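**Student:**
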Amino acid sequence: MPFLSSAWYVAAFSREITVDAPLARTLLDRAIVLYREASGAVVALDDRCPHRFAPLSRGRLIDGALECPYHGLRFGAAGTCVLNPHGDGRVPAGAVVRRYPTRERYGAIWIWFGEAHEAATVPLPEFEFLDPLHNFTCDGYLLTQANYQLSADNLLDLSHFQYLHPDTLGSDMMARGTVQSASEGDTVWVHRAMRGEILQPFVGRSFGVPDGKAADRDLDVRWQPPGLLTITVSVREAGAAPEMTRVGMSAHWLTPETAATTHYFFSFGLPREMGDEGEALVRFSVEGLMKPFRDEDLPMLEAQQRAIGERDFWSLRPALLPIDAGAVRARRIMERLIADDLAYLNAAVPGAPQRVAGCVSEVSGR
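Take the sequence shown: its position 187, counting from 1, is numbered 236 in the working numbering, and each next residue is one higher.
1) Distance check for S55 and R64, CA to CA, integer angstroms please.
2) Quick test of your reading: P305 and Y149, contact by CB under 8 angstroms. State the CB separation rounded to the nearest angstrom.
3) Kindly list the residues whose CB is nearer than 8 angstroms to the CB of P371, restricted to its own chain and excluding five residues on each side of it in sequence; keep chain order.
4) With hydrogens ignored, establish whether the beta-carbon of P259 is closer than 6 angstroms to any heavy atom of the ligand ATP.
5) I need the DSSP call for Q353, collapsed to helix, strand or coil.
6) For the 8 angstroms Cβ check, are there 3 or more pairs between the stretch 163–170 and the stretch 281–296?
7) Could you tell me the alpha carbon to alpha carbon distance between D390 and I247, rounded to whole angstroms?
8) Which residue's Cα is closest to the Cα of T75: L207, A392, T307?
9) Strictly by DSSP, which residues pair up with D78?
10) Output yes or no for whether 7 angstroms exceeds the beta carbon distance between V270 and A264.
11) Indicate the three-state DSSP secondary structure (helix, strand or coil) for M243 in the structure shown.
12) If you run the structure through DSSP and keep just helix, strand and coil, what is H166?
13) DSSP three-state label for H301, please.
14) Out of S316, D325, E326, which has the shortest C-alpha to C-alpha gap to E336?
15) Going along the chain, which unbroken runs of the beta strand (DSSP E) with 3 or more residues stay wholly within the stretch 176–234?
16) How would you write the range of the beta strand (DSSP E) that L94 sits in, first residue to last?
17) Measure the alpha-carbon distance for W161 versus L94 and round it to whole angstroms.
18) Let me confirm a value: T170 is counted as buried when at least 16 other C-beta atoms fall within 10 Å, else exposed. Which label applies?
19) Can we say the stretch 233–241 touches the stretch 372–380, given the rule of at least three CB pairs closer than 8 angstroms?
20) State the DSSP-derived secondary structure class of I111, mapped to helix, strand or coil.
21) Quick check on DSSP: helix, strand or coil for Y119?
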């Protein structure tokens with residue numbers, strides 16, 4: 050299965066990458082090694098020594114270079130061999146490891162798999178509610194044995210709360226709520242509204258609604274390629290003034306490990322102006338949601354993946370419902386972007402598509 054190369058993906062949380070030891074991670078079916086230089090800058094290289102193809106992630110960091118654990122060749126941050134301890138020390142011309150552009154923001158390390166010169170022209174998606182200077186944040190991670198687009202489908206249709214999470218996140222109002230979806234450029238929005246809903250205790254406590262009190266809840270999901278989502282939950286007691294609404298925001302970053310496995314990074318943020326309450330609430334949210342995510346969402350996604358196997362999703366002719374509109378929009382956008390990406394990368398003749406700012410357009414200027 051092809052992946053979209055020219056996009057920013059989350060490779061790891063910032064706290065996972067240190068100057069002490071390299072981290073191995075498979076991303077988009079590629080073995081990658083990540084580590085920090087003494088300056089704090091993050092380096093991402095192919096996790097394969099060009100000599101005998103040993104995994105560099107099993108090596109040591111010595112004087113800012115990554116030493117191959119098999120024969121001791123050392124590679125600097127640029128990916129070039131800086132030391133050959135054998136013979137006269139001559140470094141073969143092919144002793145180079147590909148380096149990938151990275152950025153660090155929102156408590157995460159972002160990686161770019163497309164052409165390196167394009168990375169500087171494409172900004173990171175915005176998740177300002179995770180800026181640690183202004184917000185308390187708390188994060189979690191799960192490895193899902195399912196394709197990343199199944200996870201996106203799951204997050205773009207939160208009606209499943211009623212059936213998959215009946216005792217934690219859902220209520221019998223979910224399926225009866227009003228749903229709207231739209232797209233703007235390559236961004237998809239889904240809005241779901243429930244009125245007079247009796248919330249589960251975990252949800253009610255998160256938003257200051259007493260047990261048994263009816264509430265008005267709005268769920269807004271924003272999806273951006275390749276699999277970056279923001280979920281905004283707005284809650285107030287039924288009939289209360291709009292200014293009494295409490296809002297919680299979370300990021301959900303889906304990075305393919307392989308065609309059938311996904312790194313699921315998620316993070317919550319609340320303004321520091323909330324003080325101790327805000328700091329406690331982001332921890333409470335991650336701790337409280339880990340169980341339904343791990344014990345209910347993941348088994349369902351993995352069961353779906355087993356049912357699909359290696360077949361194309363559309364070849365199975367899914368029976369679509371109105372609640373699928375947002376997920377279908379996202380899948381169609383990804384199909385177009387991947388097709389454009391492949392056309393650009395495979396083009397080798399005059400008049401082939403030309404890329405502008407991370408997108409593809411025809412030479413004619415379309």
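Just so you know, even glycine gets a beta-carbon here, dropped at the ideal spot from N, CA and C.
Computed from a prediction, not measured in an experiment: that's the story for all the values here.
**Tutor:** The structure says:
1) 25 angstroms
2) Contact doesn't hold; Cβ gap of about 15 angstroms is too wide.
3) V228
4) Absence of the ligand ATP is noted for the structure shown, with no ligands found whatsoever.
5) helix
6) no
7) 46 angstroms
8) Comparing alpha carbon positions, the residue from L207, A392, T307 closest to T75 is T307.
9) Answer is none; D78 lacks a bridge partner.
10) Taking 7 angstroms as the cut-off, the Cβ atoms of V270 and A264 do not count as close.
11) strand
12) helix
13) strand
14) S316
15) 184–193, 227–233
16) 91–95
17) 11 angstroms
18) exposed
19) With the cut-off at 8 angstroms, the stretch 233–241 and the stretch 372–380 touch.
20) strand
21) Y119 falls in the coil class under three-state DSSP.
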